[in-house]
Amino acid sequence: MSARPDGPGQPGRVRPIPRTIEAIGQALTAEKRARFYGEVQTAEQGPELDGVLERWWMDAVLDQVPGRRRRHADGVAGRNLVPLPKPRGASER
Numbered sequence: 001m002s003a004r005p006d007g008p009g010q011p012g013r014v015r016p017i018p019r020t021i022e023a024i025g026q027a028l029t030a031e032k033r034a035r036f037y038g039e040v041q042t043a044e045q046g047p048e049l050d051g052v053l054e055r056w057w058m059d060a061v062l063d064q065v066p067g068r069r070r071r072h073a074d075g076v077a078g079r080n081l082v083p084l085p086k087p088r089g090a091s092e093r
């Protein structure tokens with residue numbers, strides 16, 4: 001039995017990932033999954049384990065965003081940047 005919901009997600013939205021060890025592990029790549037399980041197995045119950053689950057859950061959710069790796073690489077390399085509008089009330093220099 002999988003912890004992942006069945007069916008396609010809605011356009012522009014990622015599929016929800018339950019905050020369980022099994023669901024997070026299934027959502028990660030094989031490389032990340034090995035690191036995740038290593039951290040989960042050594043974390044103590046309480047805030048330490050909660051922190052491990054929270055960090056890896058966010059990583060698993062963000063990994064579902066289409067084109068994330070390409071956009072991240074573009075941003076780091078300074079490619080395809082989009083200028084942000086000036087904040088309201090900002091003075092012109």
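Once you know that position 34 of the sequence shown is 34 in the UniProt record's numbering, the rest is easy, because the numbers rise by one and skip nothing. Glycine included, every Cβ here is placed at the ideal spot set by N, Cα and C.
Given this structure, state the Cα-to-Cα distance separating Leu-62 from Ser-91, to the nearest angstrom. The residue labelled residue 62 in the question sits at position 62 within the sequence shown. The residue labelled residue 91 in the question sits at position 91 within the sequence shown. Rounded to the nearest angstrom, the two C-alpha atoms are 35 Å apart.
Taking Arg-13 as the reference, which of Pro-66, Pro-87, Asp-74 and Asp-59 has the closest Cα? For the purposes of this step, residue 13 is identified with residue 13 of the sequence shown, where counting begins at 1. Of the candidates Pro-66, Pro-87, Asp-74 and Asp-59, the one whose C-alpha sits nearest the C-alpha of Arg-13 is Pro-66.
Let me know if Ala-34 comes out buried or exposed under the rule of 16 or more other beta-carbons within 10 Å of its beta-carbon. To locate residue 34, count along the sequence shown from 1; it is residue 34. Classification for Ala-34: exposed.
Nearest-angstrom Cα separation, counted from Phe-36 out to Pro-18: Numbered from 1 along the sequence shown, position 18 holds the residue referred to as residue 18. Numbered from 1 along the sequence shown, position 36 holds the residue referred to as residue 36. Looking at the two C-alpha atoms, the distance is approximately 15 Å.
In this structure, how does DSSP classify Lys-86 when only helix, strand and coil are distinguished? For the purposes of this step, residue 86 is taken as residue 86 along the sequence shown, with counting starting at 1. Here Lys-86 sits in coil by DSSP.
By how many angstroms is the C-alpha of Pro-83 removed from the C-alpha of Ala-60? As a position in the sequence shown, residue 60 is number 60, starting the count at 1. As a position in the sequence shown, residue 83 is number 83, starting the count at 1. So the alpha carbons of these two residues sit roughly 28 Å apart.
Can you tell me whether Leu-28 is buried or exposed, with buried defined as 16 or more other CB within 10 angstroms of its CB? For the purposes of this step, residue 28 is identified with residue 28 of the sequence shown, where counting begins at 1. Leu-28 is buried by the Cβ-count criterion.
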